[in-house]
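Its first residue numbered 7, the sequence shown is counted upward by one per residue in my numbering.
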Amino acid sequence: MPTPSQRIATLTGAGDDGWEIFYRARAMKAAGHDVLELTIGEHDIGTAPAILDEMHRAARAGHTGYAAVPGIAPLRATVAARLTARHGQAYGPENILIVPGGQAGLFAAHHAACDQGDRALLIDPYYATYPGTIRAVGALPQPVAAKSEDGFQPDLAGLRAAAPGARSLLINSPNNPTGAVYSEASLRGIAAIAHDHDLWVIADEVYDTQVWDGHHQPIASLPGMAARTLTVGSLSKSHAMTGSRLGWVCGPVETIAQMINLATHTTYGVPGYIQEAGLFALNLGPEAEAAVAAPFNRRRDMLMGRIAGHASLRAIPPQGAMYVMLDIRATGLSGDDFAARLLDAEQVAVMPGESFGRAAAGHVRVALTLPDDIFVTAITRLIGFAERLAT
Ligand code: PLP
7 MPTPSQRIAT LTGAGDDGWE IFYRARAMKA AGHDVLELTI GEHDIGTAPA
57 ILDEMHRAAR AGHTGYAAVP GIAPLRATVA ARLTARHGQA YGPENILIVP
107 GGQAGLFAAH HAACDQGDRA LLIDPYYATY PGTIRAVGAL PQPVAAKSED
157 GFQPDLAGLR AAAPGARSLL INSPNNPTGA VYSEASLRGI AAIAHDHDLW
207 VIADEVYDTQ VWDGHHQPIA SLPGMAARTL TVGSLSKSHA MTGSRLGWVC
257 GPVETIAQMI NLATHTTYGV PGYIQEAGLF ALNLGPEAEA AVAAPFNRRR
307 DMLMGRIAGH ASLRAIPPQG AMYVMLDIRA TGLSGDDFAA RLLDAEQVAV
357 MPGESFGRAA AGHVRVALTL PDDIFVTAIT RLIGFAERLA T
């Protein structure tokens, strides 16, 4: 048998795929154990019936053939208008490429920004696919740590030191896994570094409808940044459409034109009936997005309220997104050991902080993704487990 390419054989690198606990929890569930999963960022509700009805209508109306590769015109126009309002930039449909989910957008954006062997910066802790996505385009991921003591805001001095010779910087606010929403000072600092070192900024804003404290400012809204920013968005989190695989990249017209060429040679677009459903979903307006987001804010408060007064657990209240990062260092365990032992002892699955880079060691990420009553059961077990370890 021929050997696979080095690129694919080394895609996830050593020890950073981080999905072990998740797969073990799924295997335990399949074997009949009552595991409470607080692992991946998947809503406990499905896609709204009205969106599914539109998907069905569009498919029955014949939108089942090849769709326009860059995206159907009304969806590109609607996304352009949405981002024009958010970024304060005059985007048109030609600034938008519709892609099969934010993940495909991250891949396409790095493909557009980086050549083989280029250094691509990212901020640690990071969403678990980031290093592999960068390696997949032949670039070299270089994480720059953000500290828990700084509320996981980016370390501007560290980024400036890493920037010379790098090609791109990937940022994510609101952040998975930390829940940090980048402050204006952080964003202005990043913009200055990108400008001084001629970096592309790839801005992953898939959680921009889930902001609990403060204000999410898109980096492309800062002076001069739209010309060097590729913003990635998606309907996965905002509209509970994770399985529909629908997202976008917004960027300079010439770059988007080249990315359409990439799409022609990779995905060949997104199914038309999915795009029609996405268009319908976006037109439901902000109330529908707020309704999808609300349970995460509520459960965040439940968790923060319940850990208060327990010395074994600390957390920086997440300002956005659907997770809480718990600092479990007082238990004396690593995030990996805590998650593994919690699963065995209490049948509760959380993600070890180490899955998201070195800066999150000694933490676990709790996804706020179970119905309230089951969520309370899960976190009660988690807190009890941590307290027993710490005493
Ligand atoms: N970016 C971040 C930070 C995420 O957490 C996720 C999914 O969890 C994605 C991108 C990918 O989302 P999707 O491909 O479903 O749009």
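Ideal Cβ placement from N, Cα and C applies to all residues, glycine included.
On a predicted model such as this, the values are computed, not experimentally measured, just so you know.
Should residue 325 be counted as a contact of the ligand PLP given a C-beta to heavy atom distance under 7 Å? no
Between residue 253 and the ligand PLP, is there a pair consisting of the residue's CB and a ligand heavy atom that are separated by less than 7 Å? yes
Taking 7 Å as the cut-off, does the CB of residue 182 come closer than this to any heavy atom belonging to the ligand PLP? yes
DSSP three-state call for residue 148: helix, strand or coil? strand
Apart from the five residues on each side of it in sequence, which residues of its chain come closer than 7 Å, Cβ to Cβ, to residue 98? 86
According to DSSP, which residues form a beta bridge with residue 256? 102 and 237
Can you check which of these residues, 259, 240, 177 and 258, is closest to residue 251 by C-alpha distance? 240
Is it buried or exposed for residue 55, if we count other Cβ within 10 angstroms and need 16 for buried? exposed
Does the beta carbon of residue 395 fall short of 7 Å from some heavy atom of the ligand PLP? no
Helix, strand or coil, according to DSSP, for residue 326 in the structure here? strand
Helix, strand or coil at residue 423 according to DSSP, with G and I counted as helix: Outside the shown range of the chain (7 to 397) lies residue 423, about which nothing can therefore be said.
Over the uninterrupted beta strand (DSSP E) stretch that includes residue 309, give me the two end residues. That residue, residue 309, is in no beta strand (DSSP E); its alpha helix (DSSP H) goes 292–313.
Does the beta carbon of residue 89 fall short of 7 Å from some heavy atom of the ligand PLP? no
For residue 343, which option in 293, 313, 91 and 391 has the closest C-alpha, if you only look at C-alpha atoms? 391
Is residue 133 near the ligand PLP - that is, is its Cβ less than 7 Å away from at least one heavy atom of it? yes
At a threshold of 7 Å, does residue 47 count as lining the ligand PLP (C-beta to nearest heavy atom)? yes
Nearest candidate by alpha-carbon position, reference residue 320, set 376, 337 and 95: 337
Neighbour-count burial assignment, residue 7, 16 or more Cβ in a 10 Å radius: exposed
By a C-beta neighbour count over all protein chains shown, 10 Å radius and 16 as the cutoff for buried, is residue 11 buried or exposed? exposed
For the putative contact between residue 173 and residue 218, defined by C-beta atoms under 8 Å, what is the C-beta separation to the nearest angstrom? So it is not a contact: roughly 33 Å between Cβ atoms.
Cβ shell of residue 279 (< 7 Å), same chain only, five flanking positions each side left out: 61, 64, 65, 69 and 70
Helix, strand or coil at residue 46 [DSSP, three-state]: coil
Please name the residue in 166, 190 and 76 whose C-alpha comes closest to that of residue 204. 166
Pick from 16, 195 and 111: whose alpha carbon is nearest that of residue 208? 111
Flag this pair as touching only if the stretch 219–232 and the stretch 111–122 have three or more C-beta atom pairs under 8 Å; answer yes or no. no
First through last residue of the alpha helix (DSSP H) which encompasses residue 350: 341–352
Going by CA-CA distance only, name the one from 67, 50 and 37 that's closest to residue 245. 50
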